[in-house]
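Written out below as structure tokens is the structure these notes cover.
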Amino acid sequence: MSTFLISCKSNIKPVEKDTYLMGTIVQLKVYGGNAEKATQKALERIGDIENKMSVNMETSEITKLNDKAGKSGQKLSRDTYFVIDEAVKYSKLTEGAFDLSIEPIVKLWGIGTDKERVPSKNEIEEKLKLVNYKDIILDSKNSTVKLKRTGQAIDLGGIAKGYTADEVKKVLINNKISSALINLGGNVYAVGSKSDGTSWSIGVQNPLDTRGKYLGNLRVTDKSVVTSGNYERYFIVDGKRYHHIFDPKDGYPSENGIISTTIVSDKSIDGDVLSTSTYVLGLTKGLKLVESIKGVEAIFITSDKKVYVTSGLKDSFNLTDKEFIYEKR
Ligand code: ADP
Ligand code: MG
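My numbering numbers the first residue of the sequence shown as 277 and each following residue consecutively.
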């Protein structure tokens with residue numbers, strides 16, 4: 277009887293939704309009786325967060341806040357205030373390798389837009405003067421944030437998707453869902469276990485190959501898996517690749533031998549910030565940071581095809597591409 281029930285359960289078809297939100301492909305795979313309604317609520321929540329935090333929307337709280345830089349503060353919703361607060365904490369923790377005030381640099385390069393180009397060193401130096409998370413003034417009592425200087429601006433592109441994945445998970449749980457796969461453009465949350473009770477298998481992108489080609493897979497249950505890579509958004513000039521993760525120290529795409537970072541954690545907001553941060557910090561500092569945070573594990577891939585895996589993943593990560601060399605921590 278129980279076998280019958282289990283096999284019956286695993287045959288249940290999920291509700292699958294693919295759509296374009298937050299500047300990325302959103303894929304939801306939701307299992308269970310209430311999946312249709314839960315998925316609808318989840319999509320509404322994603323739209324709600326995008327409306328509040330997008331730098332590309334005239335009416336978003338972030339645009340309003342940026343427009344008031346150097347003048348006055350902007351009152352924010354609980355969502356936006358929370359994400360900025362977390363981003364500032366991580367900016368401090370990483371000593372500015374993650375810096376949410378990176379927007380002037382992001383805009384200057386315009387990667388992924390029709391304005392993408394390699395700016396002059398001069399232009400970069402000018403804009404870089406505006407990048408400093410220490411100029412973000414938080415007033416928790418009034419839920420207000422102010423940027424000290426005119427021209428300064430916040431970009432939550434390295435953290436908002438992680439927060440959204442956590443919120444989508446909450447919406448699904450509140451709507452009686454215990455098994456789902458959330459994918460916000462490579463920001464994955466595997467909710468619960470698969471409908472047959474086994475763990476999820478998440479492919480880890482081969483950063484040197486085309487999208488969807490994996491170099492290995494990770495078995496996880498109820499975890500966030502977030503990857504940052506130089507293949508996500510980039511353009512090529514004179515054979516050189518310029519990607520979208522910037523080193524706030526010099527204003528150029530971060531180049532230190534790392535080509536992909538994957539973070540496994542309970543909260544996707546942590547995974548999102550840490551994948552971006554460790555990408556900038558590089559192998560040694562990145563591993564040190566991850567190992568200092570409880571419950572967070574990582575896979576780092578370097579351009580010389582080495583795969584560094586933290587100890588907590590040694591039984592769950594399986595390297596399948598023999599071109600890469602496994603380096604245990
Ligand atoms: P993706 O958006 O492809 O998932 P990430 O999570 O790594 O990749 O975020 C990259 C985005 O974060 C960039 O598009 C930009 O908006 C922002 N960003 C780039 N460099 C930094 C940085 N050093 N600190 C904070 N945010 C950054
Ligand atoms: Mg990120």
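Yeah, the Cβ is synthetic: ideal placement off N, Cα and C, and Gly gets one too.
Is M329 buried or exposed, if buried means 16 or more other CB atoms sit within 10 Å of its CB? Residue mapping note: residue 329 aligns to position 53 of the sequence shown, counting from 1. Here M329 is buried, its C-beta having at least 16 other C-beta atoms within 10 Å.
Would S471 pass as an interface residue toward chain B - the criterion being a Cβ-Cβ separation below 7 Å? The structure shown contains no chain B; it holds only a single protein chain.
Taking the continuous alpha helix (DSSP H) assigned at S551, which residues delimit it? Position 275 of the sequence shown, counted from the first residue, corresponds to residue 551. In this chain, the alpha helix (DSSP H) harbouring S551 covers 544-557.
Close Cβ partners of S367 (< 7 Å) along its chain, the five nearest in sequence each way excluded: For the purposes of this step, residue 367 is taken as the residue at position 91 of the sequence shown. These residues qualify, in order along the chain: F374, D375, L376, Y409.
Could you say if the segment 532-539 and the segment 572-590 meet the contact criterion of at least three C-beta pairs nearer than 8 Å? Contact holds: three or more Cβ-Cβ distances are below 8 Å.
Between the beta-carbon of F600 and the beta-carbon of K581, is there less than 7 Å? Position 324 of the sequence shown, counting from 1, holds the residue named residue 600. Position 305 of the sequence shown, counting from 1, holds the residue named residue 581. A contact, by the Cβ cut-off of 7 Å.
Pick helix, strand or coil for K564, following the three-state DSSP scheme. As a working mapping, residue 564 is identified with position 288 in the sequence shown. The three-state secondary structure of K564, taken from DSSP, is helix.
Label D659 either buried or exposed according to how many other C-beta atoms from any shown protein chain fall within 10 Å of its C-beta, with 16 as the threshold for buried. Lying outside 277 to 605, the shown extent of the chain, residue 659 is not represented and no answer is given.
Any idea if Y307 is buried or exposed, counting beta-carbon neighbours within 10 angstroms, 16 or more meaning buried? On the sequence shown, residue 307 is found 31 positions in, with the first residue counted as 1. Buried: at least 16 other Cβ atoms inside 10 Å.
Taking all protein chains shown into account, decide if E401 is buried (16 or more other Cβ within 10 angstroms of its Cβ) or exposed. Within the sequence shown, the letter at position 125 stands for residue 401. Counting Cβ neighbours within 10 Å, E401 comes out exposed, since fewer than 16 surround it.
Leaving out five residues before and five after F358 in sequence, what residues of the same chain have Cβ atoms less than 8 Å from its Cβ? Looking up residue 358 in the sequence shown gives position 82. These residues qualify, in order along the chain: Y439.
For T596 and L457, what's the separation of their Cα atoms in angstroms? By 1-based counting over the sequence shown, the position of residue 596 is 320. By 1-based counting over the sequence shown, the position of residue 457 is 181. So the alpha carbons of these two residues sit roughly 22 Å apart.
Just curious, the alpha helix (DSSP H) that G473 is in, first and last residue? If you number the sequence shown from 1, residue 473 lands on position 197. Taken as a continuous stretch (DSSP letters only), G473 belongs to no alpha helix (DSSP H), as it is neither H nor E.
What do you reckon, are the CB atoms on S544 and A441 nearer than 7 Å? Working through the sequence shown from its first residue, we reach residue 544 at position 268. Working through the sequence shown from its first residue, we reach residue 441 at position 165. Yes, the Cβ-Cβ distance between S544 and A441 is below 7 Å.
I need the straight-line Cα distance from L589 to D542, nearest angstrom please. If you number the sequence shown from 1, residue 589 lands on position 313. If you number the sequence shown from 1, residue 542 lands on position 266. Each residue's Cα considered, the two are about 14 Å apart.
Is N459 buried or exposed, if buried means 16 or more other CB atoms sit within 10 Å of its CB? Sequence index remark: in the sequence shown, residue 459 carries index 183 (1-based). The residue is buried, with at least 16 neighbouring Cβ atoms inside 10 Å.
Taking only three categories from DSSP, how would you classify S541? Along the sequence shown, read from residue 1 onward, the residue named residue 541 stands at position 265. S541 falls in the strand class under three-state DSSP.
Is DSSP giving F593 helix, strand or coil here? Here the question's residue 593 lines up with position 317 in the sequence shown. Assigned with DSSP and collapsed to three states, F593 falls in strand.
Coarse secondary structure for N532, derived from DSSP in three states: Counting from 1 along the sequence shown, the entry for residue 532 is found at position 256. It is coil, neither helix nor strand.
Between which two residues does the alpha helix (DSSP H) containing L384 stretch? Locating residue 384 in the sequence shown gives position 108, counting from the first residue. 379-385 is the span of the alpha helix (DSSP H), which, as asked, contains L384.
Which full runs of the beta strand (DSSP E) of 3+ residues lie inside the segment 342-415, going along the chain? 412-415
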